[in-house]
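J.: So the sequence shown is numbered by my numbering: it starts at 5 and just counts up by one. We treat Cβ as the ideally placed atom computed from N, Cα and C, and that holds for glycine. Given the structure is predicted, the values throughout are model-derived calculations rather than measurements.
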Amino acid sequence: MAENKQTIDPDFASGIEMLEQILEVMPQDLMALKGLYNAYSQCGQREKAFEYMGLIAGIACDTEDSETAEFILEQLPKFEMEHPSETVALLARIRAVANPERQTVASSTTGAKTPALVTDVDISEELALAWRLYEENQLSQEEYSAVLHDLTEVSSKEINVPVTVLHVLNDRGFMQINRVMNYMSSRSGAPCISLLNFELSEEVVGVLPLEISASDGALPFGFLGNDLLVAVLNPFNNMLVDKVETTSGHRCHSYLVSADEYDVMLGKLREMAA
Numbered sequence: 005m006a007e008n009k010q011t012i013d014p015d016f017a018s019g020i021e022m023l024e025q026i027l028e029v030m031p032q033d034l035m036a037l038k039g040l041y042n043a044y045s046q047c048g049q050r051e052k053a054f055e056y057m058g059l060i061a062g063i064a065c066d067t068e069d070s071e072t073a074e075f076i077l078e079q080l081p082k083f084e085m086e087h088p089s090e091t092v093a094l095l096a097r098i099r100a101v102a103n104p105e106r107q108t109v110a111s112s113t114t115g116a117k118t119p120a121l122v123t124d125v126d127i128s129e130e131l132a133l134a135w136r137l138y139e140e141n142q143l144s145q146e147e148y149s150a151v152l153h154d155l156t157e158v159s160s161k162e163i164n165v166p167v168t169v170l171h172v173l174n175d176r177g178f179m180q181i182n183r184v185m186n187y188m189s190s191r192s193g194a195p196c197i198s199l200l201n202f203e204l205s206e207e208v209v210g211v212l213p214l215e216i217s218a219s220d221g222a223l224p225f226g227f228l229g230n231d232l233l234v235a236v237l238n239p240f241n242n243m244l245v246d247k248v249e250t251t252s253g254h255r256c257h258s259y260l261v262s263a264d265e266y267d268v269m270l271g272k273l274r275e276m277a278a
């Protein structure tokens, strides 16, 4: 921190020091965090400013603070060129907190309205999963950045499988993918299974629209009584489970599967649906 302050105007440096002292006592003080964000922005310390933006976003998500979320949405365009993937990730984390009717964010340079940062496919839950894996030391910072890059890039393309963290890790030949899947299974409570042990029946083919399996990452593969067995690639996505139960009319049991086996079963589901 001392190296940064050497290049900052003394008036700003004293204010920054005071705000940092506040954070030592109250690390989640929003006024202090916003003050530091503004101070570093005005001093041209954009990396530090973006770092504090991330801290503010984390608090906004944890406390469901819509006003702070709106503040973040107004500031994000300033960093879109320098941190494209990270900016999209921040947006995904706070999108549910901010006003859902908001369609635009203010431009940082002209004051005009520009489209909010979006991708062609909703990958907010996958970006949240990537962040969880990073926070829990399942991904290094370099691996996390690479996953963000691939998710945002692939989401803008037309592909025939879901855009997921597991697909990205699999495509990158990530050596520790079994460890990551074991972590996901353990923390979510969704058992990890092999789809190779199951055969699709005609009964499950029409229970869900194919687009849910092809885009959202939930694939029905059997029944347990009247309950539906569903293969998922992100067991933390509770909204997807709710969607599957509402659409199918069945209570669902989620099972974590590998991206490779999911894609094979999705191909079989397409053939049978056709």
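Of the choices Leu40, Met35, Gly271, Phe54, whose alpha-carbon is the least far from that of Glu203?
T.: Glu203 has its Cα closest to that of Gly271, out of Leu40, Met35, Gly271, Phe54.
J.: So for Ala116, helix, strand or coil by DSSP?
T.: A caution first: Ala116 carries a pLDDT of 36, below 50, which makes its placement in the model unreliable, though a value can still be read off. The answer is coil: DSSP assigns Ala116 none of H, G, I, E or B.
J.: Output the residue ranges of the beta strand (DSSP E) runs that lie fully inside the region 116–181 and measure 3 residues or longer, sorted by chain position.
T.: 117–119
J.: Looking at the secondary structure, which residues open and close the beta strand (DSSP E) in which Pro224 lies?
T.: 222–228
J.: Taking DSSP as the reference, what is the three-state secondary structure of Asp66?
T.: In this structure, Asp66 counts as helix in the three-state DSSP scheme.
J.: Can you give the beta carbon distance from Cys196 to Leu131, rounded, assuming they're within the 8 Å contact cut?
T.: 22 Å between Cβ atoms; not a contact.
J.: Going by alpha carbons, who is nearest to Asn201 out of Gly39, Val268, Leu212, Glu140?
T.: Val268
J.: Output the boundary residues of the alpha helix (DSSP H) element that contains Asp267.
T.: Per DSSP, the continuous alpha helix (DSSP H) segment holding Asp267 begins and ends at 263–277.
J.: Once the 5 residues before and after Val245 are set aside, which same chain residues still bring their CB inside 7 Å of it?
T.: Cys256, Ser258
J.: For the putative contact between Pro224 and Met188, defined by C-beta atoms under 8 Å, what is the C-beta separation to the nearest angstrom?
T.: About 20 Å separates the two Cβ atoms, so there is no contact after all.
J.: Measuring only the C-alpha atoms, how far is Asn241 from Ala36?
T.: 33 Å
J.: Measuring alpha carbon to alpha carbon, tell me which of Tyr56, Ser128, Gly226, Gly177 ends up nearest Thr72.
T.: Tyr56
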